[in-house]
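Reviewing the structure listed below.
Put into structure tokens, the structure is as follows:
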């Protein structure tokens, strides 16, 4: 099992190297970002058994987005644990993973186009959490009125391995050049963001006229946010909120004590094993 993990981890790093070929120069123009201030407070580290990735929150404090390849070891049964940490060091367990039906961990030639995932935590995240507004991205967004290629200015921030758990940002980079898969059903974007291992799963959001509107859900391959992905996120978030409301509504009589305990408050064992539900959906 260890050899499988190493092989797939090597493949993930190889994929990252491909994505980094779109970047120009080195990484010395990245800057530390204030993790407790908007919009950066909506970006958190995703801690895995092998390394870490980055995720961010949308309309819900309990539902986040990241890259599909960040959780592929869990999909394959090689890993079983995924933890999110807030700015105060509190940890939250990932309990559900939603992944596109088209994402195949074993097919490196096509999975980049569907390299995105939605994660549900065991409880809403406390403290300061910026909630990004999501905006669908289309190929025509990168063509001007004269049918010339154009780029979009964005910012990206993540938790790379080399920064010792510090959030760092590419404050000014660009998305450009949509590239379709062979079926013409999905596309990814080129970019010049200086990404580092650990940035995987981080979003890019528009700067200027589109401040804090996330338009890409998963660097390293710059997978654009589609309307179907946004709809899936909103439906999942609405279902989670409804489940929480039903769970916290405990009918009781004068002879009962209303305790209001949530699942996230239950005592935990020392085991690293997690029960994570995985769903393959259209998005």
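Residue numbers (my numbering): 764 to 1046. Backbone N, C-alpha and C fix where the C-beta goes; we use that ideal spot for every residue, glycine too.
Cα-Cα separation between residue i and residue j, rounded to whole angstroms
i, j, result
"residue 854", "residue 847", "6 Å"
"residue 879", "residue 835", "11 Å"
"residue 864", "residue 1044", "5 Å"
"residue 952", "residue 966", "13 Å"
"residue 930", "residue 796", "6 Å"
"residue 818", "residue 984", "15 Å"
"residue 946", "residue 869", "18 Å"
"residue 1021", "residue 887", "At residue 1021, the pLDDT of 30 sits below 50, so the modelled position is not reliable; the number obtained from the coordinates is stated separately. Taking the straight line from one Cα to the other gives about 21 Å."
"residue 840", "residue 884", "19 Å"
"residue 866", "residue 810", "21 Å"
"residue 981", "residue 992", "12 Å"
"residue 737", "residue 861", "Since the displayed the chain opens at 764 and closes at 1046, residue 737 lies outside it and no answer follows."
"residue 843", "residue 911", "47 Å"
"residue 808", "residue 948", "31 Å"
"residue 1007", "residue 1001", "10 Å"
Those residues which DSSP pairs with residue i across a bridge
i, result
"residue 903", "In the DSSP output, where bridge partners are listed per residue, residue 903 has none listed."
"residue 832", "DSSP, once it has assigned bridges, lists no residue as partnering residue 832."
"residue 954", "938"
"residue 918", "968"
"residue 977", "897, 968"
"residue 1042", "861"
"residue 866", "Bridge partners of residue 866: none, in fact."
"residue 839", "None, per the DSSP bridge assignment."
"residue 807", "818"
"residue 912", "906"
"residue 714", "Since the first residue of the chain shown is 764 and the last is 1046, residue 714 is not available in this structure."
"residue 987", "979"
Cβ-Cβ separation, residue j to residue i (assumed contact under 8 Å), whole Å
i, j, result
"residue 821", "residue 895", "6 Å"
"residue 803", "residue 909", "Rounded, the Cβ-Cβ distance is 36 Å, inconsistent with contact."
"residue 970", "residue 917", "6 Å"
"residue 899", "residue 990", "4 Å"
"residue 988", "residue 875", "The Cβ separation is near 16 Å, so there is no contact."
"residue 978", "residue 826", "Contact doesn't hold; Cβ gap of about 18 Å is too wide."
Where residue i falls: helix, strand or coil (DSSP)
i, result
"residue 877", "helix"
"residue 932", "strand"
"residue 844", "coil"
"residue 825", "coil"
"residue 858", "strand"
"residue 819", "strand"
"residue 795", "strand"
"residue 992", "helix"
"residue 999", "helix"
"residue 1029", "Annotation note: pLDDT 29 at residue 1029 (below 50); position unreliable, no value reported."
"residue 959", "coil"
Reference residue i, options the options, closest by Cα
i, options, result
"residue 806", "1038, 870, 829, 949", "829"
"residue 1046", "986, 1006, 1003", "986"
"residue 914", "903, 924, 858, 831", "903"
"residue 794", "850, 852, 919", "919"
"residue 958", "941, 933, 976", "933"
"residue 923", "823, 963, 861", "963"
"residue 850", "1007, 928, 856, 940", "928"
"residue 942", "936, 901, 961", "901"
"residue 1040", "997, 858, 961", "858"
"residue 937", "921, 948, 956, 949", "956"
"residue 798", "1006, 1007, 852", "852"
"residue 891", "824, 792, 944", "824"
"residue 792", "871, 833, 872, 935", "935"
"residue 877", "856, 961, 950", "950"
"residue 1042", "921, 976, 995", "995"
"residue 921", "960, 889, 1037, 944", "960"
"residue 871", "832, 856, 889", "832"
Residue i: CB within 7 Å of a non-hydrogen atom of the ligand FMN
i, result
"residue 871", "Looking for the ligand FMN in the displayed structure turns up nothing, as the structure carries no ligands at all."
CB contact below 8 Å: residue i versus chain C
i, result
"residue 930", "Looking for chain C here will not work: only one protein chain is present."
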